[in-house]
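All the letters of the sequence shown, read from the start, carry residue numbers 3 to 287 under my numbering. C-beta: ideal position from N, C-alpha, C; glycine also.
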Amino acid sequence: MKQLINGVAYHYEWLAPFVKNQPTLVCLHGFTGTSETFRFLVDENDNAPNITTPTYNYLLVDILGHGQSSVFVHPYRYQFEQVLNDLIQLLECLSLQRVSLLGYSMGARLALGLATLMPARFEHIILESGSPGLKTEEERKARKISDQRLAGRLINQPLTDFVDFWQNIPLFNTQKQLSLDVQQAVRNERLTQQKVGLACSLQYMGTGRQPSYWDTLANLTEPNIHLIVGELDNKFVKIASEMKRIQPQLQVTTVANTGHCVHLERPEIFKKIIHHILLEVPHAN
3 MKQLINGVAY HYEWLAPFVK NQPTLVCLHG FTGTSETFRF LVDENDNAPN
53 ITTPTYNYLL VDILGHGQSS VFVHPYRYQF EQVLNDLIQL LECLSLQRVS
103 LLGYSMGARL ALGLATLMPA RFEHIILESG SPGLKTEEER KARKISDQRL
153 AGRLINQPLT DFVDFWQNIP LFNTQKQLSL DVQQAVRNER LTQQKVGLAC
203 SLQYMGTGRQ PSYWDTLANL TEPNIHLIVG ELDNKFVKIA SEMKRIQPQL
253 QVTTVANTGH CVHLERPEIF KKIIHHILLE VPHAN
């Protein structure tokens, strides 16, 4: 299904028919991904009675420039704050008053941005390998330059070449231990993208364009924020530790022998973590 937000179409999908009296978890994927990455959260077995599995509506969204959402729009529509406003309006259009958010990497950065923008609107914010951004203007400037170069590389070469490069960056080294079928599925998902959408996402929605939420974090006591990181992802383990130091109410779950993309590398463990979090404070729309 698609929803038009200020002239931009956002693709979304319910994993099961929407039930009004059930709480909702909105899932936001990472860069080069699509909403398909979270489809595993609900399978046929989850329809069987199970007191340990929370009854939730699961809403999957393709972020702008990815999947089946709009790609060929003015670059200003890709700006970080603009996408945050789009997602708020999407919730309004779907009559979702209070929801929980799950975001991975880029999706986690957006989820944290939403939490700072309208904290009372959300029950749980679950950040998988997420960051509050870069602390200084100098760091953001350097990252913008880096992202612009990467976007230029993406535009000026075949998508297959960029995907080959991207899946071999050190951040994803642990994924080489996955089965060839899983690795190929991830590659195929990336190859469905449009180069323009990915390039605009890098340039206007990347970490260098994200506001720093480090100062905001100390006072962000609502909603409930949960961090999920892989033990082998040293950079994001350190980020999670620093976030916890600044805001002690944050909950951090570190998954052993796992890298950046926890839900891909340890799907069953990840699903159990999500279910445990959602069982804490179920809240209906």
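Handout entry: Helix, strand or coil at N87 [DSSP, three-state]
Key = Helix.
Practice task
Could you check if R151 is buried or exposed, using at least 16 other CB atoms within 10 Å of its CB as the buried criterion?
Solution key: exposed
Exercise for the section: Would you identify the three-state DSSP class for K274, choosing helix, strand or coil? Expected result: helix
Exercise for the section: Below 8 angstroms on the Cβ atoms is my guess for F293 versus Q212; work out the distance and round it to an integer in Å. Expected result: For the chain, the structure presents residues 3 to 287; residue 293 sits outside this window and is missing.
Problem - Alpha carbon of M245 to alpha carbon of A122, nearest angstrom - result: 20 angstroms
Practice task
Please go through the stretch 92 to 157 and give each complete beta strand (DSSP E) segment of 3 or more residues, from N-terminal end onward.
Solution key: 101 to 106, 124 to 130
Practice task
Return helix, strand or coil for K22, following the three-state DSSP convention.
Solution key: Residue state for K22 is assigned as coil, using DSSP reduced to three classes.
Exercise for the section: Answer with buried or exposed for Q195, where buried requires no fewer than 16 other C-beta atoms within 10 angstroms of its C-beta. Expected result: buried
Practice task
Could you pull the start and end residues of the alpha helix (DSSP H) that V188 belongs to?
Solution key: 182 to 193
Handout entry: I230 burial status per 10 Å Cβ neighbour count (16 or more: buried)
Key = buried
Practice task
Rounded to whole angstroms, what's the CA-CA distance from V44 to E140? Just pull it up for me.
Solution key: 42 angstroms
Handout entry: Pairwise C-alpha distance: M108 and L129
Key = 10 angstroms
Handout entry: Neighbourhood of S243 by C-beta, 6 angstroms cutoff - its chain only, sequence neighbours within 5 removed
Key = none
Problem - Through-space distance from F42 to D48, alpha-carbon basis - result: The predicted position of D48 is uncertain, since its pLDDT is 49 and thus under 50; a value taken from the coordinates is nonetheless stated next. For D48 and F42, the distance between alpha carbons rounds to 10 angstroms.
Exercise for the section: Examine the Cβ distances between the stretch 147 to 164 and the stretch 198 to 214 and report whether three or more of them are shorter than 8 angstroms. Expected result: yes
Exercise for the section: Just the C-alpha distance for G271 and E15, rounded to the nearest angstrom, thanks. Expected result: Per the sequence shown, residue 271 should be read as Ile rather than Gly. In a straight line, the C-alpha of I271 is about 24 angstroms away from that of E15.
Exercise for the section: Could you name the residues that DSSP lists as bridge partners for W16? Expected result: L61
Problem - Through-space distance from K273 to H265, alpha-carbon basis - result: 8 angstroms
Practice task
Could you check the C-alpha separation between L280 and H126 for me, to the nearest Å?
Solution key: Each residue's alpha carbon lies about 8 angstroms from the other.
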